[in-house]
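Structure record follows, encoded as structure tokens.
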Amino acid sequence: MRHNKKFNHLGRQAAHRGAMLSNMSTSLIMHKRIFTTTAKAKALKIVVEPLITKAKEDTTANRRLVFSTLQSKEAVTELFQVISPKVGDRPGGYTRIIKTGFRLGDNAQMCFIELVDFDDNMLKVKVEKKARTRRSSAKKNAETVAAEAVPAAKAPVAEAPEVEVSTPEIPAAE
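Heads up: the sequence shown begins at 113 in our numbering, then just goes up one per residue.
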């Protein structure tokens, strides 16, 4: 029976699912972005975010807990030395899922899952918010602009000289 088992089983046995999520976690930590299906990305997010939270405090116990999931010394080192200092002040939400469309073969929904603080394109783009104005002040501004705009005198337009177009005469058939 599957009472109260609400996580996505991803169509795999427990050992296969655990190994797959461990490998995907290692890949995400090493490459900072991976391309996968949306269902796998959502399952991966549940695994990776607690690991990053544990990595904020660099203790031997936390390193061993993280290693038990990742099974990769290089990934543990990367997580504790590179990723955790960068996300140390963030209270959560370390990953971002960006949907990219559907896979050609089986029409599965695909996406990127990436670490938020490591996407250079998203960090550079800063959109300035416009100051909100009331409608009444917008109407007043429009009226003052309209009043200040003086209709410009129409300048005479020089007419183009007429050109005669000659058509060759076709002799009529007799």
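Ideal Cβ placement from N, Cα and C applies to all residues, glycine included.
Indicate whether residue i and residue j have their beta-carbon atoms separated by less than 9 Å.
i, j, result
"methionine 222", "phenylalanine 230", "no"
"glutamate 226", "lysine 152", "no"
"valine 199", "isoleucine 164", "yes"
"serine 137", "threonine 181", "yes"
Can you name, in chain order, every residue of its own chain whose Cβ lies under 8 Å from the Cβ of residue i, other than the five neighbours on each side?
i, result
"threonine 212", "Phe147, Met222, Cys223, Phe224"
"glutamine 183", "Ser134, Thr138"
Once the 5 residues before and after residue i are set aside, which same chain residues still bring their CB inside 6 Å of it?
i, result
"valine 159", "Leu133, Ser137"
"aspartate 170", "Phe192"
Based on Cα-Cα distance, which residue from the options lies nearest to residue i?
i, options, result
"asparagine 219", "Thr150, Pro162, Ser248", "Thr150"
"methionine 142", "Val188, Arg246, Asp232, Asp201", "Val188"
"serine 196", "Lys117, Ser248, Lys166", "Lys166"
"glutamate 161", "Thr245, Ile209, Glu240", "Ile209"
"glutamate 190", "Arg246, Gln125, Arg175", "Arg175"
"lysine 168", "Gln183, Asp232, Arg202", "Arg202"
Which whole-angstrom value describes the C-beta separation of residue i and residue j, a residue pair presumed to lie in contact below a C-beta threshold of 8 Å?
i, j, result
"valine 228", "glycine 204", "With 8 Å as the limit, valine 228 and glycine 204 do not qualify as a contact, their Cβ atoms being about 10 Å apart."
"leucine 177", "alanine 155", "That pair is no contact at about 19 Å."
Hey, is residue i's beta-carbon within less than 9 Å of any beta-carbon in chain D?
i, result
"leucine 191", "The structure shown contains no chain D; it is built from a single protein chain."
At 4 residues or longer, and completely inside the stretch 154–221: list those alpha helix (DSSP H) runs for me, N to C. 172–182, 185–190
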